[in-house]
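Residue numbers for the sequence shown follow the working numbering, beginning at 10 and rising by one.
Note that beta-carbon positions come from the ideal geometry of N, C-alpha and C, so glycine has one too.
The structure displayed is predicted, hence computed values, not measured ones.
One structure below.
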Amino acid sequence: MPKALQRATTRVISNQAGAGGQYVIRFHAPDLAVAVAPGHFVHIVVSDRLTLPRPFSVLDCDVDAGTIDVFYKVVGQGTRLMTTWKGGELVAMLGPIGKPFTPVDASRRALLIGGGVGVAPVEFLARRLGLSGVETTLLIGMESDSPLPLKPAEKPLAGLEDGPVNLALTSAEKAGVTSRLACLTERRGWYQGYVTDLAAAHLSALTAEDLARTTLYVCGPTVMMQAAARLAQRFDLTGEASLEEHMACGFGGCAGCVAPIRAGEDWLYRRVCVDGPVFAIEQIAWEQMPGYVNAPGRPQAPTTCAPGHSCA
10 MPKALQRATT RVISNQAGAG GQYVIRFHAP DLAVAVAPGH FVHIVVSDRL
60 TLPRPFSVLD CDVDAGTIDV FYKVVGQGTR LMTTWKGGEL VAMLGPIGKP
110 FTPVDASRRA LLIGGGVGVA PVEFLARRLG LSGVETTLLI GMESDSPLPL
160 KPAEKPLAGL EDGPVNLALT SAEKAGVTSR LACLTERRGW YQGYVTDLAA
210 AHLSALTAED LARTTLYVCG PTVMMQAAAR LAQRFDLTGE ASLEEHMACG
260 FGGCAGCVAP IRAGEDWLYR RVCVDGPVFA IEQIAWEQMP GYVNAPGRPQ
310 APTTCAPGHS CA
């Protein structure tokens, strides 16, 4: 059953700067903490001077502490204002918004691919799955240094030889998740190349039995998700994608965040904020989306952000 949308006055606990103008901000928001799930997002009222609130995916929640974490990147006036927030500041927030990911049970495997600030919902989901006993692999693509702590990987990754690609997300490792990072430029401990190439190498190394029980989850720039959808076709995987679109109202009234979704042999526009942002990966009409690459080749290096962030 969908969680009831609520407006809450939250309090900033911390606002930590990371690499590449990326931040993790923690709010005391007990009513939202008990309601959010991986894939949900929240609308944050940044300032009375800005007409629209800004949507952000949730990175983490702690029900006992009553907190939620949001991962954001400075890309506009709203997010620049957010960097000035200090502990104790009161912030209006609306959530949880949207349809979250559908988690698999321990009989399945999970492969998660995240790019840019789209890392937030898949990293959140990966930890939830890992802690519930699901065999989980998380692959992250970033062109900046990671704003999240890294450590030497404890588990080998199928399809990747032991050696220089040996850094993993600390939070994922603690949850029992195998993780690696990818970047187009050379970076010590990272895979050099597209994260979808890393995913292809991993999937190619799996047995037919493991492939048959693998579910794919993806969030990131559209072109990266299109490449991931081609992987799903190539390896006959089911899965879900969290779409990134500009958003205004956040509750379906303006229809400004529509995306092409298949309906039988045709397709129609669905609202990302209420019908999504998570859709079955095979239901999305990727060929109707901007930047579609009608070939199995590699995607271009995009700079688009998570829900609404490109105008934040």
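Practice problem: Just the C-alpha distance for V79 and G125, rounded to the nearest angstrom, thanks. | Solution: 14 Å
Quiz item: Are the segment 208-220 and the segment 264-273 in contact at 8 Å, needing three or more beta carbon pairs?
Solution: no
Quiz item: Is the CB-CB distance between L252 and G285 below 8 Å?
Solution: yes
Self-check item: Residues near P338 by beta carbon distance below 6 Å, same chain, minus five either side
Solution: Lying before the first or after the last residue shown, residue 338 is absent from the chain, which here runs from 10 to 321.
Quiz prompt | Buried or exposed by the 16-neighbour rule on C-beta atoms within 10 Å, applied to D114 | solution = exposed
Quiz item: Taking the alpha-carbon positions, what's the D206 to T179 distance?
Solution: 23 Å
Exercise. Look up P299 in the DSSP assignment and say whether it is helix, strand or coil.
Key: coil
Quiz item: What is the DSSP secondary structure of L147, counted as helix, strand or coil?
Solution: strand
Quiz item: If you drop the 5 nearest sequence neighbours on each side, which residues of the same chain put their C-beta closer than 7 Å to that of R137?
Solution: P47, P112
Quiz prompt | Close Cβ partners of G104 (< 6 Å) along its chain, the five nearest in sequence each way excluded | solution = L41, V51
Exercise. State the Cα-Cα distance for the pair W199 and M151, rounded to the nearest angstrom.
Key: 10 Å
Quiz item: Nearest-angstrom Cα distance between I122 and A237?
Solution: 8 Å
Quiz item: Closest by CA to G2, which one among E163, P39, V21?
Solution: The chain is shown from 10 up to 321; residue 2 falls before or after that span and cannot be answered.
Quiz item: Roughly how far, in whole angstroms, is the beta-carbon of A241 from the beta-carbon of E291, given that I think they are within contact range, below 8 Å?
Solution: 7 Å
Exercise. For the segment 79-94 and the segment 140-147, state whether three or more C-beta atom pairs, one from each stretch, are separated by less than 8 Å.
Key: no
Quiz prompt | Touching by the beta-carbon criterion (3+ pairs, under 8 Å), the segment 185-203 and the segment 88-95 | solution = no
Quiz item: So, F65 versus E249, is the Cβ gap smaller than 8 Å?
Solution: no
Quiz item: Are the beta-carbon atoms belonging to A294 and W276 less than 8 Å from one another?
Solution: yes
Quiz item: Does the distance from the C-beta atom of A184 to that of G139 stay below 8 Å?
Solution: yes
Quiz item: Cβ atoms of R117 and D219: under 8 Å apart, would you say?
Solution: no
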